[in-house]
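**Student:**
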Amino acid sequence: MSNPAAEIYDLRGLKCPYPAIKTEKRLRGMPSGATLAVETTDPLAVIDIPHLCNEKGHTLLASEKTESGHRFTIRKG
């Protein structure tokens, strides 16, 4: 069984700490088990987003480099 397609949250162009703050806020409004793909251009997001997942009990399913930055796929805990 495949996961339902992740909702894409475009946070490109935002600087630290906004990608992590906005990701946390967005996840708060989602049901447990929902998947969110976050697109960022902030180089610090590779530290902040995994840290956010660890702190809040979410699962980082994927972290991949994109043409313009980074994409994180998160399952809400």
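Numbering-wise, my numbering comes out as the position in the sequence shown, counting from 1, plus 62.
Glycine included, each C-beta is placed from N, C-alpha and C at the ideal position.
Under 8 Å between the Cβ atoms of residue 112 and residue 125?
**Tutor:** In the sequence shown, counting from the first residue as 1, residue 112 sits at position 50. In the sequence shown, counting from the first residue as 1, residue 125 sits at position 63. The answer is yes: Cβ separation under 8 Å.
**Student:** Just to confirm before moving on: does the CB-CB distance between residue 97 and residue 135 stay below 8 Å?
**Tutor:** In the sequence shown, counting from the first residue as 1, residue 97 sits at position 35. In the sequence shown, counting from the first residue as 1, residue 135 sits at position 73. Yes; because the gap between Cβ atoms is below 8 Å, this pair is in contact.
**Student:** Quick check on residue 138: buried or exposed, where buried means 16 or more other Cβ atoms within 10 Å of its Cβ?
**Tutor:** For the purposes of this step, residue 138 is identified with residue 76 of the sequence shown, where counting begins at 1. When all chains shown are included, residue 138 counts as buried.
**Student:** Does the Cβ of residue 114 have 16 or more other Cβ atoms within 10 Å, making it buried, or fewer, making it exposed?
**Tutor:** Here residue 114 corresponds to residue number 52 of the sequence shown, with the count starting at 1. Classification for residue 114: buried.
**Student:** On the DSSP bridge list, what partners appear for residue 94?
**Tutor:** Against the sequence shown, residue 94 aligns to sequence position 32. Note: residue 94 sits in no beta bridge, so no partner.
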